[in-house]
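**Student:** For the record, the sequence lines run as chains A and B.
Residue numbering for the first sequence follows this note's numbering, starting at 1 and increasing by one per position.
Residue numbering for the second sequence follows this note's numbering, starting at 1001 and increasing by one per position.
There are 2 protein chains.
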Amino acid sequence: MNELSTYKSSSYRTILWLLFLCFASVANAKSNDPLPSWNKGASKSAIVQFVKSATKKRGADFVPTAERIATFDNDGTLWSEQPIAQLMFALDRVKAEAPNHPEWKDTEPFKSVLANDMKGIMATGEQGLMELIMATHTGMSVEEFNQIAKYWLAMSKHPKYNRPYTELVYQPMLELLSYLRANGFKTYVVSGGGIEFMRVWMEKAYGIPPEQVIGSSVKTKFEWVDGKPVLMRLPELDFNDDKGGKPVAIQKFIGRRPIAAFGNSDGDLQMLQWTSATNRPHFALIVHHTDAEREVAYDRDSVIGHLDKALDEAPQKGWTVVDMKKDWKKVFPFEK
Amino acid sequence: MNELSTYKSSSYRTILWLLFLCFASVANAKSNDPLPSWNKGASKSAIVQFVKSATKKRGADFVPTAERIATFDNDGTLWSEQPIAQLMFALDRVKAEAPNHPEWKDTEPFKSVLANDMKGIMATGEQGLMELIMATHTGMSVEEFNQIAKYWLAMSKHPKYNRPYTELVYQPMLELLSYLRANGFKTYVVSGGGIEFMRVWMEKAYGIPPEQVIGSSVKTKFEWVDGKPVLMRLPELDFNDDKGGKPVAIQKFIGRRPIAAFGNSDGDLQMLQWTSATNRPHFALIVHHTDAEREVAYDRDSVIGHLDKALDEAPQKGWTVVDMKKDWKKVFPFEK
């Protein structure tokens, strides 16, 4: 081997080594990113910054593990809310039960449901929707209801994506849930959705166990049926877990103020306010639906997921507003 | 060294070794007993047997960790209920607030409270007691109430033992709570007591965090006071967590059926029935107050902690009935 070849061989080796180190460090950085579906930007930075400061021992903003409570709205925050899955469930149940209720053909809101007339259903207002919920969600035991909901979720598909509703969860939010839990946070759902309807699928979809799911509920009653105790679901509203109801439910179920809250509509405003009204470290975030292509774009003019006051309050309060289109690399897990 | 001395020295050494081993093994057995304040007997064996079988992987009765939910009544099950601390709190609050309510001097049940006439108070019945609770537990924010309750608990003493009420917890039950948690159980309180009153002291006394305390509640409302959001406690019953209310609350808060339940009165009967009405492994236990000397002896004829139907049902259902006098080596932690 002459001098030149020795030199060449050695410099080749160096280059190869440098390339390898470079590649390894990029690969490592990539795999170390707990939020790979979040684009770089203010939203992602704000999340990471908050988590780092809350978990930094002896730091000024350190929060003990037991107090790291994070509450998430569900519809429009963790999964798609257009259409609202639980309303679709109620409509399907009306159709399935219609043979046992001949009177429904001539009575609203059932008449409109059977005629697939969504405008007609909406025209019956809040009272009509409540009647639909009571007719389809009560009169059976909790266990029976859970079976019905489970079956429907397994058999039904989202009209636009033609996939089970439980696949319409937001990939960046799944990563956020995992990231928070990996940092000692206890993640809760605090949603206007029905508490039992949600418990059926959330453990699998989000890794959130039933005891960390808070929602709206009907009254139930302990009764004996055929020599066995059951919890019967009564056609009476127990609790509406929306707006001012969210802080009320958080206190009732958790008994601590969250240090982080996540929502997407004015229904979450009071939860965000409650979380922020403290001198302790806290974090509040709004998912703003800006992506008409990958999902749906809506805010101030929408009936579903109406976002107006909370959007105005966000900059004054320092809340993070996620721009779905800009901030999310991926919306759903099934996207390539 | 002659032969004899060698022999002696060696046998001495052997004896010393044997003594040491013997002592070490006794000490070890003692420190390995997770329930040192429980005397040997059927109750202790039943508890240990259940926990061993529920946690034995690949055993027939194995229960996954997430499903190991254990629910405990509080008054008379985890701490002394004669007198009921929360009632004492209400009476003290009436006296403290009396100057602001001159009308109380002539109105029942307040009149009897101010006259220290316990018979008179009891004669006002459930409605009178509810009035006392509403007058003393509502009209302030949740945070204000918690401060009031904390202060009272720090300043008040049990009339018989002359110690803070929070020292009147049962040592064997503290050990049971720890033993269950060490075996992957999630321990909950499900009590007729006020949920916020209990949360103030249970984390320290039992190691049970606020989100695992379930109790009776008043309605609360999200309001703005002086530019800050508060949860105001309203003079209206939200939920009575007693009897059939216990399974209802368990389903609402936890969303799973417990596999172990612990009570001491007929107020716990439905919780024990609900826990037992399954083919899965389960365990139910009643603390029977049989010890007039160290605590109080009461059951079928007592108004407080009335235990009658549940005692009759226990043998049929295979529930463990703890005989406090016989089964507990120690009742309170402060006993020698």
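Positions of the beta carbon are idealized from the N, C-alpha and C atoms, including for glycine.
By the 10 Å Cβ neighbour count, where 16 or more other Cβ atoms means buried, how is M1001/B classified, buried or exposed?
**Tutor:** Indexing the second sequence from 1 puts residue 1001/B at position 1. Because M1001/B sits at a pLDDT of 44, beneath the cut-off of 50, its placement in the model cannot be relied upon, and the point is left open.
**Student:** How about A1314/B and F1283/B: do their beta carbons lie closer than 8 Å?
**Tutor:** In the second sequence, the residue the question calls residue 1314/B occupies position 314. In the second sequence, the residue the question calls residue 1283/B occupies position 283. Cβ atoms of A1314/B and F1283/B: not closer than 8 Å.
**Student:** Using 8 Å as the Cβ pair cut-off and three pairs as the minimum, do the segment 31 to 43 of chain A and the segment 200 to 215 of chain A touch?
**Tutor:** Because the criterion of three Cβ pairs below 8 Å is not met, the segment 31 to 43 of chain A and the segment 200 to 215 of chain A do not touch.
**Student:** From the DSSP output, which residues share a beta bridge with T362/A?
**Tutor:** There is no way to answer for residue 362/A, as the model of chain A reaches only from 1 to 336.
**Student:** Can you look up A284/A in the DSSP assignment and give me helix, strand or coil?
**Tutor:** Along the first sequence, one-based indexing puts residue 284/A at 284. If DSSP states are grouped into helix, strand and coil, A284/A belongs with the strands.
**Student:** If you compare alpha carbons, which of D1073/B, R1294/B, V1063/B and E1236/B is closest to G1184/B?
**Tutor:** For the purposes of this step, residue 1184/B is identified with residue 184 of the second sequence, where counting begins at 1. It is V1063/B whose Cα lies nearest to the Cα of G1184/B.
**Student:** So is G41/A in contact with chain B if we call contact Cβ pairs under 8 Å?
**Tutor:** Locating residue 41/A in the first sequence gives position 41, where the first residue counts as 1. No, because no Cβ of chain B sits closer than 8 Å to the Cβ of G41/A.
**Student:** Quick one: which unbroken beta strand (DSSP E) runs of 3-plus residues sit fully inside the segment 138 to 164 of chain A? Chain order, please.
**Tutor:** If we require 3 residues or more, the segment 138 to 164 of chain A turns out to have no beta strand (DSSP E) run fully inside it.
**Student:** Are the C-beta atoms of F262/A and some chain B residue less than 8 Å apart?
**Tutor:** Residue numbering aside, residue 262/A sits at position 262 when the first sequence is read from its first letter. Cβ-Cβ to chain B under 8 Å: no for F262/A.
**Student:** Is it the case that the Cβ atoms of H75/A and I84/A are separated by a distance below 8 Å?
**Tutor:** Here residue 75/A refers to the residue found at position 75 of the first sequence. Here residue 84/A refers to the residue found at position 84 of the first sequence. Here residue 75/A is Asp; the residue named in the question, His, does not match the sequence. Cβ atoms of D75/A and I84/A: closer than 8 Å.
**Student:** Taking the continuous beta strand (DSSP E) assigned at L231/A, which residues delimit it?
**Tutor:** Indexing the first sequence from 1 puts residue 231/A at position 231. Its beta strand (DSSP E) spans residues K228 to F239.
**Student:** Find the residues of chain A that neighbour P1209/B, judging by a C-beta separation of less than 7 Å, and give them in chain order.
**Tutor:** Translated into the one-based positions of the second sequence, residue 1209/B becomes position 209. Simply A66.
**Student:** Whole-angstrom Cβ separation of L153/A and W201/A, contact assumed at under 8 Å?
**Tutor:** Reading the first sequence from its first residue, position 153 is the one you call residue 153/A. Reading the first sequence from its first residue, position 201 is the one you call residue 201/A. Indeed they touch by this definition, with Cβ atoms about 6 Å apart.
**Student:** Excluding the 5 residues flanking E351/A on each side, which residues of the same chain have their C-beta closer than 7 Å to its C-beta?
**Tutor:** Outside the modelled stretch of chain A, which goes from 1 to 336, sits residue 351/A, for which no answer is possible.
**Student:** Please confirm whether Q1316/B has its beta-carbon closer than 8 Å to some beta-carbon of chain A.
**Tutor:** As a first step, residue 1316/B must be located in the second sequence, where it is residue number 316. It does not; no Cβ of chain A falls within 8 Å.
**Student:** For I1214/B, name the three-state secondary structure that DSSP assigns.
**Tutor:** One-based indexing of the second sequence puts residue 1214/B at position 214. Three-state DSSP puts I1214/B in a strand.
**Student:** Measuring alpha carbon to alpha carbon, tell me which residue in R256/A, V287/A, S112/A and T138/A is nearest R1199/B.
**Tutor:** As a position in the second sequence, residue 1199/B is number 199, starting the count at 1. It is R256/A whose Cα lies nearest to the Cα of R1199/B.
**Student:** In chain B, which residues lie with their C-beta within 7 Å of the C-beta of S217/A?
**Tutor:** As a first step, residue 217/A must be located in the first sequence, where it is residue number 217. Within chain B, the residues near S217/A are K1252.
**Student:** Roughly how many angstroms lie between the CA atoms of T107/A and Q1049/B, to the nearest whole one?
**Tutor:** Along the first sequence, read from residue 1 onward, the residue named residue 107/A stands at position 107. Along the second sequence, read from residue 1 onward, the residue named residue 1049/B stands at position 49. Cα to Cα, T107/A sits roughly 58 Å from Q1049/B.
**Student:** Just the Cα atoms here: how many angstroms apart are L1285/B and L91/A?
**Tutor:** Mapped onto the second sequence, residue 1285/B falls at position 285. Mapped onto the first sequence, residue 91/A falls at position 91. Those two C-alpha atoms are separated by around 45 Å.
**Student:** Quick one: what does DSSP say I1069/B is sitting in, helix, strand or coil?
**Tutor:** The residue given as residue 1069/B occupies position 69 in the second sequence. Reduced to three states, the DSSP call for I1069/B is strand.
**Student:** Since K1111/B is in the alpha helix (DSSP H), which residue starts that stretch and which ends it?
**Tutor:** Along the second sequence, read from residue 1 onward, the residue named residue 1111/B stands at position 111. Looking at the DSSP string, the run of the alpha helix (DSSP H) that includes K1111/B is F1110 to L1114.
**Student:** Please report the distance separating the alpha-carbon of Q1251/B from that of P1159/B.
**Tutor:** On the second sequence, position 251 is the one that residue 1251/B refers to. On the second sequence, position 159 is the one that residue 1159/B refers to. The straight-line gap from Cα to Cα measures roughly 37 Å.
**Student:** For P109/A, which of A115/A, H101/A, I121/A and P99/A has the nearest alpha-carbon?
**Tutor:** By one-based count along the first sequence, residue 109/A stands at place 109. Of the listed residues, the one whose Cα sits closest to P109/A is I121/A.
**Student:** Should the segment 1138 to 1146 of chain B be called in touch with the segment 1227 to 1239 of chain B, which here means at least 3 C-beta pairs below 8 Å?
**Tutor:** The answer is yes - the segment 1227 to 1239 of chain B touches the segment 1138 to 1146 of chain B, with three or more Cβ pairs under 8 Å.
**Student:** What does L1231/B touch in chain A if you count any residue whose Cβ is under 7 Å from its own?
**Tutor:** The residue given as residue 1231/B occupies position 231 in the second sequence. Correct list: P247, V248 and Q251.
**Student:** Would you please verify whether the beta carbon of W1319/B is less than 8 Å from any beta carbon of chain A?
**Tutor:** Along the second sequence, read from residue 1 onward, the residue named residue 1319/B stands at position 319. No, because no Cβ of chain A sits closer than 8 Å to the Cβ of W1319/B.
**Student:** Looking at the structure shown, is E337/A part of a helix, part of a strand, or coil, going by DSSP?
**Tutor:** Because chain A here runs from 1 to 336, residue 337/A falls outside it and cannot be looked at.
**Student:** With burial defined as no fewer than 16 other Cβ atoms inside 10 Å of the residue's Cβ, what is the status of Q86/A: buried or exposed?
**Tutor:** Position 86 of the first sequence holds residue 86/A. Counting Cβ neighbours within 10 Å, Q86/A comes out buried, since at least 16 surround it.
**Student:** Check the Cβ of T1220/B against every Cβ in chain A and list those closer than 8 Å, keeping chain order.
**Tutor:** Sequence index remark: in the second sequence, residue 1220/B carries index 220 (1-based). Correct list: V248, Q251 and K252.
**Student:** Assuming S1053/B and T1320/B are in contact, meaning their beta carbons sit under 8 Å apart, how far apart are those beta carbons, in whole angstroms?
**Tutor:** Stepping through the second sequence from its first residue, residue 1053/B is reached at position 53. Stepping through the second sequence from its first residue, residue 1320/B is reached at position 320. Incorrect: roughly 14 Å between the Cβ atoms, too far for contact.
**Student:** In angstroms with no decimal places, state the Cα-to-Cα distance between T278/A and D299/A.
**Tutor:** The residue you call residue 278/A lines up with position 278 of the first sequence. The residue you call residue 299/A lines up with position 299 of the first sequence. Straight-line Cα distance between these residues: approximately 28 Å.
**Student:** Alpha carbon to alpha carbon, how far is T1220/B from Q147/A?
**Tutor:** As a working note, residue 1220/B is residue 220 in the second sequence. As a working note, residue 147/A is residue 147 in the first sequence. Cα to Cα, the separation comes out at about 33 Å.
**Student:** Assuming contact is defined by CB atoms lying nearer than 8 Å, are T1275/B and V1218/B in contact in what I supplied?
**Tutor:** Your numbering for residue 1275/B matches position 275 in the second sequence. Your numbering for residue 1218/B matches position 218 in the second sequence. Contact flag unset, no.
**Student:** Taking K1228/B as the query, report the chain D residues whose CB atoms sit under 7 Å from its CB, ordered along the chain.
**Tutor:** Among the protein chains in the structure shown, which are A and B, there is no chain D.
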